[in-house]
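Read through the structure below, which is laid out as structure tokens, and then see the notes.
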Amino acid sequence: MNAIEIKNLTKVYGKNRGIQDINISVKEGEIYGFIGPNGAGKSTTIKTLLNFIYSTSGEALIFGMDSVKESEKIKEYIGYVPSEVRYYDDVKVKDIIKYAQSFYPKSNKEYVDRICNELELDMNKKWVN
1 MNAIEIKNLT KVYGKNRGIQ DINISVKEGE IYGFIGPNGA GKSTTIKTLL
51 NFIYSTSGEA LIFGMDSVKE SEKIKEYIGY VPSEVRYYDD VKVKDIIKYA
101 QSFYPKSNKE YVDRICNELE LDMNKKWVN
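The numbers in my numbering rise by one with no breaks, and the one at position 35 of the sequence shown is 35.
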């Protein structure tokens, strides 16, 4: 089974083409990377694949699930870290971690606290954008 199957995926922004007829198959257990210059469509492909933005045409399957119709179920299995992250000004590290934990109902607070301690995070430090 393919972990990722993209068929003829296209995203058009007005008169501009984001991606056109992308076809990718990634088998379960394989590692696949997107490499290319700015504007090549790397982020657009990933955001479309994860249903953060809507495709103009084509389809994408993740673990055999339709990336649009079953996006909520897919997101239970996949993590995504964008290239740029923005938070409210002066938010504290502990607030960001608490916010991130809210997305994972089965999150283990003791485990998260232990990792934060091992990384020597200053939980009261303010995030600066």
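Where a beta carbon is used, it is the ideal one built from N, C-alpha and C, also for glycine.
In this structure, DSSP gives Ile78 a state outside helix and strand, which the three-state scheme calls coil.
With respect to the 7 angstroms criterion, Ser43 and Lys11 are not classified as neighbours on the basis of their beta carbons. A Cβ-Cβ distance of about 29 angstroms is found for the pair Ile97 and Ile4, leaving them out of contact under the 8 angstroms criterion. In the three-state scheme derived from DSSP, where H, G and I count as helix and E and B as strand, Ala40 is classed as coil.
By the beta-carbon neighbour count (other beta carbons within 10 angstroms, threshold 16), Leu9 is buried.
Excluding its 5 nearest sequence neighbours in each direction, Gln101 has C-beta neighbours in its own chain below 6 angstroms: Ser107, listed in chain order. The shortest CA-to-CA distance from Gly79 to any of Arg86, Val68, Lys92, Phe103 is the one to Phe103.
Following the DSSP letters along the chain, one finds Val112 inside the alpha helix (DSSP H) bounded by residues 109-118.
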